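Numbering (our numbering), first residue to last: 100 to 594.
Yeah, the Cβ is synthetic: ideal placement off N, Cα and C, and Gly gets one too.
Every value quoted in this text rests on a predicted model; they were computed, and no experiment measured them.
Printed below as a string of structure tokens:
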């Protein structure tokens with residue numbers, strides 16, 4: 100929705116007028132957090148390493164989830180496990196009386212097929228075909244927990260009132276965990292949320308993401324001999340192929356930044372049997388939810404039409420649906436201020452040498468392989484936002500609470516995302532140094548959030564202005580269970 104000029108002016112003036120007042124001070128309390136973190140860095144690295152050494156795909160992260168929860172428990176947090184009907188989801192809480200509630204988001208799922216030795220610049224799987232942390236979530240979850248533990252140390256030392264929470268969110272790679280947790284009220288009562296993601300640059304995340312729905316269309320027909328009496332059969336695979344054909348013709352008539360992709364997850368049993376079952380799995384994306392939902396409904400209509408044409412029946416299974424990421428200007432500014440105070444990771448000669456060896460595997464390596472800068476933050480009105488072409492389940496959090504996010508250099512520039520390049524870096528010093536930087540930035544910002552009501556008020560004012568009268572509606576209905584809780588979904592994340 101395009102903002103009117105008064106809304107745009109209000110956003111700019113709010114940012115300019117409050118920046119100087121909001122983002123200075125509290126250095127004593129922040130230094131307490133940072134000093135504690137420096138003294139306890141090895142235990143945070145060990146927690147990250149424990150997750151890295153036990154790569155598990157979404158909703159099956161039993162060892163990874165337990166490792167991070169145990170780390171927080173040892174540092175004085177109470178743990179509520181198994182929230183939102185997901186065994187690997189949890190909430191860790193430390194409270195120091197009444198006051199604001201600060202939340203950090205933790206992820207820990209791995210990706211299938213990306214097993215790789217840590218610190219090895221040559222592709223060398225530990226387990227052939229095994230999982231690996233190709234998105235750096237072994238660093239992400241531990242880094243968020245590390246930041247929260249640092250904030251807790253400052254709260255105790257300086258008697259800062261309020262609570263700090265860490266949300267253990269499974270299955271980010273399939274965009275499941277946070278959406279179901281939001282729907283089930285797990286985040287209720289939060290004032291401000293902060294998070295991060297490993298990458299190859301150091302910056303505040305100031306671009307949105309694509310809204311997305313994940314759905315399976317399962318067709319049921321009637322078997323028959325493929326040569327002897329095909330006229331007695333009704334092909335479920337024909338329905339899948341007609342669905343895909345219809346969607347491919349539809350592509351001309353949707354907005355340019357929409358993305359629609361699918362896999363045939365079940366194509367029948369044998370060529371000489373008319374298949375009585377077939378399934379196609381779709382992701383439907385667009386920059387804004389109000390753009391994405393009509394396209395998604397159109398895809399569903401095409402699938403219904405395919406079932407009519409083939410005299411088959413259609414079963415739909417919605418797996419998840421997430422919104423685009425809502426940017427928050429005051430929190431972005433706060434994170435930038437702390438990033439500039441902390442500085443980028445301090446890579447040494449061994450890190451540069453490893454990056455150079457790893458870059459021999461890159462298609463187009465850049466001249467500078469490790470980022471040692473903090474990117475400049477440019478605040479713009481909502482109608483000038485940039486959109487990344489991926490999707491994140493953080494989006495639903497950002498539609499419920501003010502949320503700020505950063506990325507930190509945990510891997511060499513020029514490598515492929517979701518590849519063994521990230522896996523090897525995530526288990527090495529490069530990854531740990533990036534994680535430490537991110538955790539320090541998040542801890543510093545978190546201390547300021549707890550101490551400064553003006554920051555919280557400005558974040559909420561910006562949040563409501565960006566909503567512009569709209570309200571959040573979860574894309575998954577009440578009562579729908581997470582995918583791995585449903586019969587027949589055991590391989591959901593491994594396909």
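For a test of the three-state rule: what should DSSP assign to residue 348, helix, strand or coil? If DSSP states are grouped into helix, strand and coil, residue 348 belongs with the helices.
Coarse secondary structure for residue 192, derived from DSSP in three states: strand
Taking all protein chains shown into account, decide if residue 500 is buried (16 or more other Cβ within 10 angstroms of its Cβ) or exposed. buried
Where residue 223 falls: helix, strand or coil (DSSP): coil
Which complete beta strand (DSSP E) runs does the stretch 277–301 hold, if anything under 3 residues is left out? 291–298
Complete runs of the alpha helix (DSSP H) confined to the stretch 204–258 [at least 4 residues]: 236–257
Can you find at least 3 beta carbon pairs, one from the stretch 166–181 and one from the stretch 189–208, that sit closer than 8 Å? By the Cβ criterion, the stretch 166–181 is in contact with the stretch 189–208, since at least three pairs of Cβ atoms, one from each stretch, lie closer than 8 Å.
Count the other C-beta atoms from every protein chain shown that fall within 10 angstroms of the C-beta of residue 42, then say buried if there are 16 or more, exposed otherwise. Because residue 42 is not part of the residues shown, which for the chain are 100 to 594, the question remains open.
Residue 575 versus residue 417: straight-line alpha-carbon distance, rounded: 8 Å
Provide the residue span of the alpha helix (DSSP H) that contains residue 441, from first to last. Note, residue 441: alpha helix (DSSP H), 428–441.
Nearest-angstrom Cα distance between residue 297 and residue 236? Approximately 7 Å between the Cα atoms of the pair.
Given a cut-off of 8 Å on the beta-carbon distance, is the pair residue 513 and residue 461 in contact? yes
Could you give the first and the last residue of the continuous beta strand (DSSP E) run that contains residue 510? Counting along the chain, residue 510 falls outside any beta strand (DSSP E), and DSSP gives it neither H nor E.
In angstroms with no decimal places, state the Cα-to-Cα distance between residue 530 and residue 382. 30 Å
Through-space distance from residue 195 to residue 258, alpha-carbon basis: 7 Å
Which listed residue (346, 537, 545) has its alpha carbon closest to that of residue 403: 346
By how many angstroms is the C-alpha of residue 281 removed from the C-alpha of residue 106? With a pLDDT of 48 at residue 106, under the threshold of 50, the modelled position of that residue is not reliable, and no figure is offered here.
With burial defined as no fewer than 16 other Cβ atoms inside 10 Å of the residue's Cβ, what is the status of residue 384: buried or exposed? buried
In the DSSP assignment, what residue or residues form a beta bridge with residue 202? Residue 202 is bridged to 264, 292.
Determine the contact status of residue 505 and residue 285, defining contact as a CB-CB distance below 8 Å. no
Residue of 137, 240, 131 minimising C-alpha distance to residue 168: 240
C-beta contact flag for residue 80 and residue 238 at 8 Å: Within the shown structure, residues of the chain are numbered from 100 to 594, placing residue 80 beyond reach of any answer.
Out of 508, 557, 517, 520, state which residue places its alpha-carbon closest to the alpha-carbon of residue 535. 508
Buried or exposed: residue 414, going by 16 or more other Cβ atoms within 10 Å of its Cβ? exposed
Pick helix, strand or coil for residue 573, following the three-state DSSP scheme. coil
Which residue's Cα is closest to the Cα of residue 571: 249, 483, 525, 388? Taking the Cα of residue 571 as reference, the smallest distance to any Cα among 249, 483, 525, 388 is reached at 388.
Can you tell me where the beta strand (DSSP E) with residue 417 in it begins and where it stops? 412–421
If residue 252 and residue 131 are in contact, beta carbons under 8 Å, what's the gap, nearest whole angstrom? 6 Å
Among the residues of its own chain, which have a CB less than 7 Å from the CB of residue 120, if the five just before and after it don't count? Residue placement at residue 120 is poorly supported in this model, since its pLDDT is 45, which falls under 50; the coordinates are not used for a value here.
Using a 10 Å radius around the Cβ and a threshold of 16 neighbouring Cβ atoms, would you call residue 153 buried or exposed? buried
So, residue 338 versus residue 331, is the Cβ gap smaller than 8 Å? no
Helix, strand or coil: how does DSSP classify residue 310 here? It is a strand residue.
Are the Cβ atoms of residue 422 and residue 498 separated by less than 8 Å? yes
What residue from 276, 328, 265 has the CA that sits closest to residue 201's CA? When only C-alpha atoms are compared, the closest one is 265.
Starting from residue 180, trace the alpha helix (DSSP H) in both directions and tell me its first and last residue. Note, residue 180: premise wrong, no alpha helix (DSSP H); beta strand (DSSP E) at 177–180.
Name the DSSP beta bridge partners of residue 381, please? 314, 361
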